[in-house]
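Asker: This is the structure, below, for whatever I ask next.
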Amino acid sequence: MERRRVLNSWSKEEVRAVIRYEWARGVSGTEIHNRLVEVYGPGVMSKQMVRRWCRTFSDGRQQVKDIPRAGQTRTATTDANIGKVDDMIRANRRITIDEVAEELGISHERAQNIIHGILRYRKVSARWVPRQLTSTHQEQGMAVSLEHLVRYHEDGNDFLFRIVTGDETSDLNVTLKITLGASSHFS
Numbered sequence: 002m003e004r005r006r007v008l009n010s011w012s013k014e015e016v017r018a019v020i021r022y023e024w025a026r027g028v029s030g031t032e033i034h035n036r037l038v039e040v041y042g043p044g045v046m047s048k049q050m051v052r053r054w055c056r057t058f059s060d061g062r063q064q065v066k067d068i069p070r071a072g073q074t075r076t077a078t079t080d081a082n083i084g085k086v087d088d089m090i091r092a093n094r095r096i097t098i099d100e101v102a103e104e105l106g107i108s109h110e111r112a113q114n115i116i117h118g119i120l121r122y123r124k125v126s127a128r129w130v131p132r133q134l135t136s137t138h139q140e141q142g143m144a145v146s147l148e149h150l151v152r153y154h155e156d157g158n159d160f161l162f163r164i165v166t167g168d169e170t171s172d173l174n175v176t177l178k179i180t181l182g183a184s185s186h187f188s
C-alpha cells in the first residue's frame with residue numbers, strides 16, 4: 002500500500018508548474034484539481050482557477066510566475082523601506098499601518114507585509130512590539146534578572162517593596178490625579 006503525504010507549504014509558482022505539467026500530459030482540469038487537492042490539501046486552489054490556468058496555458062502562456070501589471074509596484078519591499086519602517090515603529094510604537102504606508106508611498110498591504118511578515122512586529126495594547134525577542138533582548142533580560150536576584154539576596158523583602166512597575170500610561174494617571182487635586186491619596 003502506497004503512503005501519500007500532504008504538503009503543507011507550497012508556492013503559487015509550484016502549483017502552477019504542476020498544472021502546466023499535467024496539462025501538457027493531457028490531463029483534464031478537474032482531474033488536475035483532484036490531484037492537487039490530494040497532494041497539497043483542499044486549500045490549494047479552486048477547480049475554477051485550475052481550469053482558468055489550463056486555458057491560459059492553451060492560449061500559449063509559458064511562464065508560471067506572475068506577470069507584472071501596470072501600476073504594480075515592484076520596489077515597495079526593499080531593504081531601504083524595511084529599514085525606514087523599522088525606524089518609524091521604533092520612533093512611534095503607536096503608528097498605524099496606514100500612516101506607514103502613506104509616509105513611504107506604498108500600499109497598505111505592502112506596509113502590513115513589511116511590519117508583520119518581515120519585521121515580525123505585532124500590536125499589543127495599541128503598540129508595536131517585536132514578536133520574538135532577539136538574543137540581545139534575552140541577554141539584557143537575563144542580566145537584569147540576575148541583578149535583581151543578587152539584590153534580593155542582599156536586601157530580602159525590603160528590595161521587593163521598592164520595585165515600582167508601570168508604563169507611561171500610569172505616569173499620566175498619576176499626573177492627572179495630582180493635577181486634579183487628588184494628591185492627598187499618594188501620601
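All letters in the sequence shown, in the order written, are residues 2 to 188 by this note's numbering. From the three backbone atoms N, C-alpha and C, an ideal C-beta is built for every residue, glycine too.
For W54, which of helix, strand or coil comes out of DSSP?
Answerer: The answer is helix: DSSP assigns W54 an H, G or I state.
Asker: W54 and R17 look like a contact to me (Cβ under 8 Å); what is the Cβ gap, rounded to whole Å?
Answerer: 6 Å
Asker: Would V86 pass as a contact of A112 if the rule is Cβ separation under 8 Å?
Answerer: Against a cut-off of 8 Å, the Cβ pair of A112 and V86 comes out as a contact.
Asker: Only counting the same chain, and skipping five residues up and downstream in sequence, which positions put a Cβ closer than 6 Å to that of R62?
Answerer: none
Asker: What separation, rounded to the nearest whole angstrom, lies between the Cα atoms of H149 and D156?
Answerer: 10 Å
Asker: Leaving aside the five residues before and after I98 along the sequence, list all residues of the same chain whose C-beta is less than 7 Å from its C-beta, in chain order.
Answerer: Within the same chain, and ignoring the five residues on either side of I98 in sequence, the residues whose Cβ sits closer than 7 Å to its Cβ are H109, A112, Q113, I116.
Asker: Quick check on M46: buried or exposed, where buried means 16 or more other Cβ atoms within 10 Å of its Cβ?
Answerer: buried
Asker: Out of R123, R94, A77, K124, state which residue places its alpha-carbon closest to the alpha-carbon of E103.
Answerer: A77
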